[in-house]
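Peer 1: Numbering (our numbering), first residue to last: 18 to 194.
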């Protein structure tokens, strides 16, 4: 098993990196879905949060209270055995929840996870947590790709930011867990 503090750090760093990717965006950039193969950044933020709520907090944290009872429908993707979902090509039609509410959701679930992870967890839960962390890392890659498509198809050709580096592998320390 991995040390609890290492897991918590890995979890928190991953969650923060997702938000760092979104930091340069304008509020309008979060909602755009120009084609079915691109998901809005707001949806990625909510979906990766939903994973931790659905597969760790709901079933394993006693007395856990959902942030919003309908977010499972909004942010589920292909987990049909978990419940119904918004179809993929309608993600960009969702003006609500607003971006601020999605960030509130992320912070709520992240804090609940920090609290939950303050106690030692089973090997089975550790595996689910690691799947969730790597699932979020996969969405970070998708998020960057989707943002490139969103901005690249805007006729004003906005820059992501002035200091963006195409080679992100040099921007972040690589390490084994």
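The beta carbon of each residue, even a glycine, is placed where N, CA and C say it ideally should be. Being a predicted model, the structure only gives us computed values, none of them experimental.
Ignoring anything shorter than 4 residues or poking outside the stretch 26-114, list the alpha helix (DSSP H) runs there in chain order.
Peer 2: Those alpha helix (DSSP H) runs which fall completely within the stretch 26-114 and span 4+ residues are 58-69, 88-92.
Peer 1: Within 10 Å of its beta-carbon, does residue 122 have 16 or more other beta-carbons around it, so buried, or fewer, so exposed?
Peer 2: Buried.
Peer 1: Quick check on DSSP: helix, strand or coil for residue 123?
Peer 2: Reduced to three states, the DSSP call for residue 123 is helix.
Peer 1: Look at the Cβ atom of residue 73, then the Cβ atom of residue 24, and state whether they are nearer than 8 Å.
Peer 2: Going by C-beta atoms, residue 73 is not nearer than 8 Å to residue 24.
Peer 1: Going by beta-carbon coordinates alone, are residue 69 and residue 149 separated by less than 8 Å?
Peer 2: The answer is yes: Cβ separation under 8 Å.
Peer 1: Can you tell me the Cβ-Cβ gap for residue 129 and residue 78, rounded? I've got them flagged as a contact below 8 Å.
Peer 2: Contact flag correct, Cβ pair sits at about 7 Å.
Peer 1: Determine the direct distance from the alpha carbon of residue 168 to that of residue 176, and round the result to whole angstroms.
Peer 2: C-alpha separation (whole angstroms): 7 Å.
Peer 1: Mapping DSSP to helix, strand and coil, what is residue 117?
Peer 2: Here residue 117 sits in helix by DSSP.
Peer 1: Cβ atoms of residue 60 and residue 108: under 8 Å apart, would you say?
Peer 2: Result yes, Cβ atoms of residue 108 and residue 60 sit closer than 8 Å.
Peer 1: Is residue 106 buried or exposed, if buried means 16 or more other CB atoms sit within 10 Å of its CB?
Peer 2: Result: exposed.
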